[in-house]
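Chemist: FYI, in numbering that gives the first Met the number 0 the residues of the sequence shown are 0 to 712.
For glycine and all other residues, C-beta sits at the position ideal for the given N, C-alpha and C.
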Amino acid sequence: MNTESLSPALKKTNKGHELDSLFKPRSIAIIGASSKDLSIGNVIIKNLVHYNFTGKIYPINPKEPEIRGIKAYPTIFDVPDDIDLAHVIIPSKFVPQIIEDCGKKGIKSVIINSAGFSEMGEEGMALQEAFLAKAKEYGVRIFGPNCQGIINADPEFNAYCDFTFTFPKPGAVSIVALSGGVGAFIMQSLFDLDIGMRLYASNGNACDVSISEVVKYYGEDEGTKAIILYTEGFREPKDFIEAANLVAKKKPILAMKSGRTEAGAKAAASHTGSLAGVDISTELIFEKTGILSFSNEEDLCQAAMAFSTQPIPKGNRVGIITNTGGPAVIAADELVSSGLQIPALSDKALQLLRAGLLPEASVGNPIDVVATGSGAHFRIALDVLMDEETIDSIFVNFVTAPFTDTDEVARQIVEVSKRQRKPIICNFMTNLSMERFRVTAQLLKDGGVPCYSFPTTAAKAMGALYKFHKIQTRNIGEAKKFSVIDKVKAEKIIAAYSSSSDEGRFLPSPFVYDLLTAYGIPVADWRLAANTNDAVKAAEEIGFPVVIKAEASDLVHKSDLGGVAINIKTAAEVKIAVEAMKEKFVKGELKFFIQKFMPGGKELIIGVSGKPDLGHLIMFGMGGIYVEVLKDVVFKLAPVTELEATEMLASIKSAKLLDGVRGQKGIHKASVIEIIQRISQLVCDFPQIKEMDLNPLMAFENKTIVVDARIKI
Ligand code: ADP
Ligand code: MG
Numbered sequence: 000m001n002t003e004s005l006s007p008a009l010k011k012t013n014k015g016h017e018l019d020s021l022f023k024p025r026s027i028a029i030i031g032a033s034s035k036d037l038s039i040g041n042v043i044i045k046n047l048v049h050y051n052f053t054g055k056i057y058p059i060n061p062k063e064p065e066i067r068g069i070k071a072y073p074t075i076f077d078v079p080d081d082i083d084l085a086h087v088i089i090p091s092k093f094v095p096q097i098i099e100d101c102g103k104k105g106i107k108s109v110i111i112n113s114a115g116f117s118e119m120g121e122e123g124m125a126l127q128e129a130f131l132a133k134a135k136e137y138g139v140r141i142f143g144p145n146c147q148g149i150i151n152a153d154p155e156f157n158a159y160c161d162f163t164f165t166f167p168k169p170g171a172v173s174i175v176a177l178s179g180g181v182g183a184f185i186m187q188s189l190f191d192l193d194i195g196m197r198l199y200a201s202n203g204n205a206c207d208v209s210i211s212e213v214v215k216y217y218g219e220d221e222g223t224k225a226i227i228l229y230t231e232g233f234r235e236p237k238d239f240i241e242a243a244n245l246v247a248k249k250k251p252i253l254a255m256k257s258g259r260t261e262a263g264a265k266a267a268a269s270h271t272g273s274l275a276g277v278d279i280s281t282e283l284i285f286e287k288t289g290i291l292s293f294s295n296e297e298d299l300c301q302a303a304m305a306f307s308t309q310p311i312p313k314g315n316r317v318g319i320i321t322n323t324g325g326p327a328v329i330a331a332d333e334l335v336s337s338g339l340q341i342p343a344l345s346d347k348a349l350q351l352l353r354a355g356l357l358p359e360a361s362v363g364n365p366i367d368v369v370a371t372g373s374g375a376h377f378r379i380a381l382d383v384l385m386d387e388e389t390i391d392s393i394f395v396n397f398v399t400a401p402f403t404d405t406d407e408v409a410r411q412i413v414e415v416s417k418r419q420r421k422p423i424i425c426n427f428m429t430n431l432s433m434e435r436f437r438v439t440a441q442l443l444k445d446g447g448v449p450c451y452s453f454p455t456t457a458a459k460a461m462g463a464l465y466k467f468h469k470i471q472t473r474n475i476g477e478a479k480k481f482s483v484i485d486k487v488k489a490e491k492i493i494a495a496y497s498s499s500s501d502e503g504r505f506l507p508s509p510f511v512y513d514l515l516t517a518y519g520i521p522v523a524d525w526r527l528a529a530n531t532n533d534a535v536k537a538a539e540e541i542g543f544p545v546v547i548k549a550e551a552s553d554l555v556h557k558s559d560l561g562g563v564a565i566n567i568k569t570a571a572e573v574k575i576a577v578e579a580m581k582e583k584f585v586k587g588e589l590k591f592f593i594q595k596f597m598p599g600g601k602e603l604i605i606g607v608s609g610k611p612d613l614g615h616l617i618m619f620g621m622g623g624i625y626v627e628v629l630k631d632v633v634f635k636l637a638p639v640t641e642l643e644a645t646e647m648l649a650s651i652k653s654a655k656l657l658d659g660v661r662g663q664k665g666i667h668k669a670s671v672i673e674i675i676q677r678i679s680q681l682v683c684d685f686p687q688i689k690e691m692d693l694n695p696l697m698a699f700e701n702k703t704i705v706v707d708a709r710i711k712i
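1. Val628 and Ile593: beta carbons closer than 8 Å?
2. Going by C-alpha distance, which of Gln187, Asp153 and Gly476 is nearest Glu641?
3. For a minimum of 4 consecutive residues, which ranges assigned as the alpha helix (DSSP H) are wholly contained in the region 56-113?
4. Fully enclosed by the region 533-611, which alpha helix (DSSP H) runs are 4 residues long or longer?
5. Exposed or buried, Lys469, counting other C-beta atoms within 10 Å across all chains shown (16 or more means buried)?
6. Taking 7 Å as the cut-off, does the CB of Ile710 come closer than this to any heavy atom belonging to the ligand ADP?
7. When the Cα atoms are used, what is the spatial distance from Lys168 to Thr223?
8. Indicate, with yes or no, if the ligand MG has a heavy atom lying under 7 Å from the CB of Asp707.
9. Give me the Cα-Cα distance between Tyr199 and Pro251, rounded to the nearest whole angstrom.
10. Would you check if the region 173-192 and the region 114-122 touch, i.e. whether three or more CB-CB distances between them fall below 8 Å?
11. If we ignore side chains and look at the alpha-carbon of each, how far apart do Ile547 and Tyr496 end up?
12. Using C-beta distances below 6 Å, list every residue in its chain close to Val722, excluding the 5 sequence neighbours before and after it, in chain order.
13. From the DSSP output, in three-state form, read off Tyr137 for me.
14. Between Ala247 and His615, what straight-line distance do the alpha-carbon atoms span, to the nearest angstrom?
15. In this structure, does DSSP put His49 in helix, strand or coil?
16. Is Ile493 helix, strand or coil when you go by DSSP?
17. Please confirm whether Arg25 and Lys45 have their CB atoms less than 8 Å apart.
18. Please determine, among Ile89, Ala458, Ser482 and Ala134, the residue with the shortest C-alpha to C-alpha distance to Asp684.
19. Relative to the C-alpha of Glu155, which residue among Asn51, Asn202 and Thr405 is closest?
20. Please tell me whether Ala457 and Phe397 are closer than 8 Å, where the distance is taken between their beta carbons.
21. Could you name each continuous alpha helix (DSSP H) segment of 4 residues or more that falls completely within the region 327-355, going from the start of the chain to the end?
22. On the three-state DSSP scale, how would you describe His270?
23. Return the residue from the list Ser653, Gly623 and His49 that minimises the CA-CA distance to Val633.
24. Where do the N-terminal and C-terminal ends of the alpha helix (DSSP H) with His615 fall, by residue?
25. What residue range does the beta strand (DSSP E) around Cys160 cover?
26. Going by DSSP, what residue range makes up the beta strand (DSSP E) through Gly180?
27. DSSP state of Phe130, grouped into three classes?
28. To the nearest angstrom, report how far apart Gly276 and Gly609 are at their CA atoms.
29. Does the ligand ADP have even one heavy atom less than 7 Å from the beta-carbon of Ala538?
30. Verify the contact flag: Pro507, CB atom, against every heavy atom of the ligand MG, threshold strictly below 7 Å.
31. CB-CB under 7 Å to Lys664, same chain, minus the five flanking residues each way: which ones, in chain order?
32. Using beta-carbon positions only, say whether Ala225 and Val139 come within less than 8 Å of one another.
33. Taking a contact to mean a Cβ-Cβ separation below 8 Å, would you say Leu464 touches Pro312 in this structure?
34. My output table needs one value for Asn41: the three-state DSSP class, helix, strand or coil.
35. Cα-Cα, which of Met621, Gly622, Ile605 and Val626 is closest to Lys635?
36. CA-CA distance, Ser307 and Asn315?
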């Protein structure tokens with residue numbers, strides 16, 4: 000490569016986005032360039048050259064006059080030119096000084112490949128802080144440290160600032176991955192699937208340029224059609240939510256977070272109280288911001304193939320064209336389970352098909368053009384479906400029958416696909432060891448038709464396109480602000496219980512119920528009694544039957560310990576229950592919580608778990624004894640809107656029970672939906688609430704009432 004003969008256009012400095020110096024460098028210095036073949040300082044230069052980097056390469060090495068045939072300089076100050084980006088591949092202890100030098104030289108971005116920083120404990124952390132301070136002082140952006148780097152596959156740049164070994168062809172999918180290992184194998188998978196890539200970023204320790212910032216940058220990058228994201232959680236979740244909110248509806252973000260299945264299982268198995276250590280937050284962030292979440296990397300890459308070339312469908316109605324029966328049936332099953340429909344075609348469409356296809360063709364949806372169907376027959380079917388108003392996307396099931404001109408079939412599919420009117424997905428069944436069919440396959444791939452080798456895989460990709468349509472059209476709305484609440488009273492309660500000695504303890508019941516009442520959440524009528532006589536008086540005031548609960552600090556699972564007596568009908572029964580509890584519990588602080596008995600409701604649970612830097616997770620599900628048995632709960636990230644609360648009720652496994660089954664009455668859903676939103680407002684107003692468990696709420700045909708609650712501040 001000739002670094003001396005750059006066009007003036009390439010020499011112009013980067014204006015525009017701050018990260019352009021990182022992703023669109025015109026000149027790169029490799030600080031720690033090495034003539035040793037297998038060193039990172041050598042491989043990066045080799046990769047830049049191999050990938051035909053369009054800018055200038057400046058190896059920096061105090062001893063070598065040249066590296067890989069490129070003139071080297073002792074220091075960056077000896078380089079007679081501006082430098083956009085520097086790679087730093089030197090021992091960590093020298094990095095702070097080098098960052099200062101970079102600042103003085105006017106370098107805007109630095110990729111620190113070296114390790115030995117925050118991942119190495121205190122000493123490394125100190126070094127990281129030292130170079131960050133220098134970076135800040137000089138306005139240098141740091142990518143890494145302990146990272147791979149970036150790649151820009153746009154032929155205008157061909158910037159391979161990375162030491163990996165996959166050289167992607169230019170395309171429209173951009174990747175951001177915290178883990179270099181995962182990033183690299185996703186890049187390799189796209190390569191294997193013949194999917195082009197655009198930008199790549201793997202930022203290791205991510206001490207400065209964050210995943211959120213890269214996502215935002217990709218969002219603004221015109222050439223990026225879809226984004227692949229891999230992370231192990233977010234250090235600053237709120238920044239990420241903000242970035243994802245800006246990008247995710249505009250461009251599909253296909254994401255995967257490791258450990259989700261295990262985490263999900265754990266979360267479902269736990270009470271809200273023991274949720275704290277379980278990380279399902281990332282999943283909820285994905286859901287809230289409209290990120291397509293994948294449970295495995297293969298589905299993700301396969302879906303990326305569809306997103307990289309196909310438009311997003313406008314609805315869920317699929318037309319299927321096939322030249323063989325069985326695989327279309329398999330595909331149809333998967334399509335339907337992804338929420339897609341395979342509607343009947345109009346009379347006009349059927350007429351056109353009958354007139355144009357072979358007599359043995361099966362006319363309907365699926366359209367079976369039969370194995371002897373030619374390119375022309377496929378074309379007729381494709382055109383009919385493209386014009387059919389009740390069809391949003393087209394699934395082609397194409398087996399390379401040896402007695403047809405398969406290339407012609409491919410050409411017809413490509414031609415129609417290129418018009419980008421409706422998405423086309425192709426399940427392409429062939430023998431790629433035969434030259435003839437390899438040509439057909441290449442025609443499809445070069446033509447941008449996403450080809451899959453299993454009907455289910457193809458159908459899943461179609462499902463992903465449709466899911467993105469749903470994300471784009473889903474409007475969760477704003478969280479409601481209930482105005483008739485007593486925030487001042489709530490503030491007083493929380494302040495009264497916020498001294499450090501109370502930290503991590505449960506609020507006494509009277510506080511809990513007052514707090515709920517202040518936020519308009521209906522609770523069963525209650526009194527607190529100190530002794531037997533008061534208990535009888537309280538029960539009479541409330542009206543029999545009542546429930547008596549032992550009240551003592553940190554008494555959590557009352558009924559397990561005999562601390563709950565239900566359906567108390569007389570003063571005599573009150574006395575018996577109270578005396579029995581006095582036997583069981585420490586007398587000193589024992590009080591009695593007398594509550595209206597509310598029999599016959601369905602027991603529900605609403606829970607809250609506070610997450611540092613993120614806010615609260617809100618849980619809803621079947622409550623009471625059912626929590627442990629059914630583990631039937633769902634989560635959302637606060638603030639929860641009305642639509643989201645409604646979705647929560649609909650998405651538990653036993654959603655149908657809420658409607659009433661086998662003669663039972665259904666519950667009053669609107670009141671539950673309202674309570675979820677009021678709880679959401681309460682925890683958003685008071686972030687210091689750490690944990691909350693309303694279990695159970697008694698849900699009736701006409702109302703829902705809280706009968707047990709605990710709150711930790
Ligand atoms: P804990 O959860 O501490 O064991 P609860 O107050 O939730 O104690 O009571 C346990 C069970 O008793 C509830 O799940 C519910 O079935 C029943 N129960 C409690 N209070 C009432 C009430 N006011 N009306 C009807 N049933 C109640
Ligand atoms: Mg309970």
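Modeler: Taking the structure as given:
1. no
2. Gly476
3. The qualifying runs are 94-104.
4. DSSP runs (the alpha helix (DSSP H)) wholly in the region 533-611: 570-583.
5. Result: exposed.
6. No, the Cβ of Ile710 stays beyond 7 Å of every heavy atom of the ligand ADP.
7. Pairing Lys168 with Thr223, the inter-Cα distance amounts to about 14 Å.
8. yes
9. 16 Å
10. no
11. 25 Å
12. Any answer about residue 722 is impossible in this case: the structure gives the chain only from 0 up to 712.
13. helix
14. 22 Å
15. helix
16. Ile493 carries a helical assignment under DSSP once its states are collapsed to helix, strand and coil.
17. no
18. Ser482
19. Asn51
20. no
21. 346-355
22. Residue confidence for His270 is low, a pLDDT of 42 falling below 50, so the modelled location carries little weight; the figure read from the coordinates is stated next. Here His270 sits in coil by DSSP.
23. If we check each option's Cα against that of Val633, Ser653 comes out closest.
24. That residue, His615, is in no alpha helix (DSSP H); its beta strand (DSSP E) goes Gly614 to Met621.
25. Where Cys160 is concerned, the enclosing beta strand (DSSP E) starts and stops at Ala158 to Cys160.
26. Note, Gly180: premise wrong, no beta strand (DSSP E); alpha helix (DSSP H) at Gly179 to Asp191.
27. helix
28. Only weak support exists for where Gly276 lies, its pLDDT of 36 falling under 50; the value from the coordinates is given anyway. If I take the Cα positions, the gap works out to 11 Å.
29. no
30. no
31. Once the five neighbours on either side are set aside, the close Cβ partners of Lys664 are Glu700.
32. no
33. In this structure, Leu464 places its C-beta atom within 8 Å of the C-beta atom of Pro312.
34. helix
35. Out of Met621, Gly622, Ile605 and Val626, Ile605 has the C-alpha closest to the C-alpha of Lys635.
36. 19 Å
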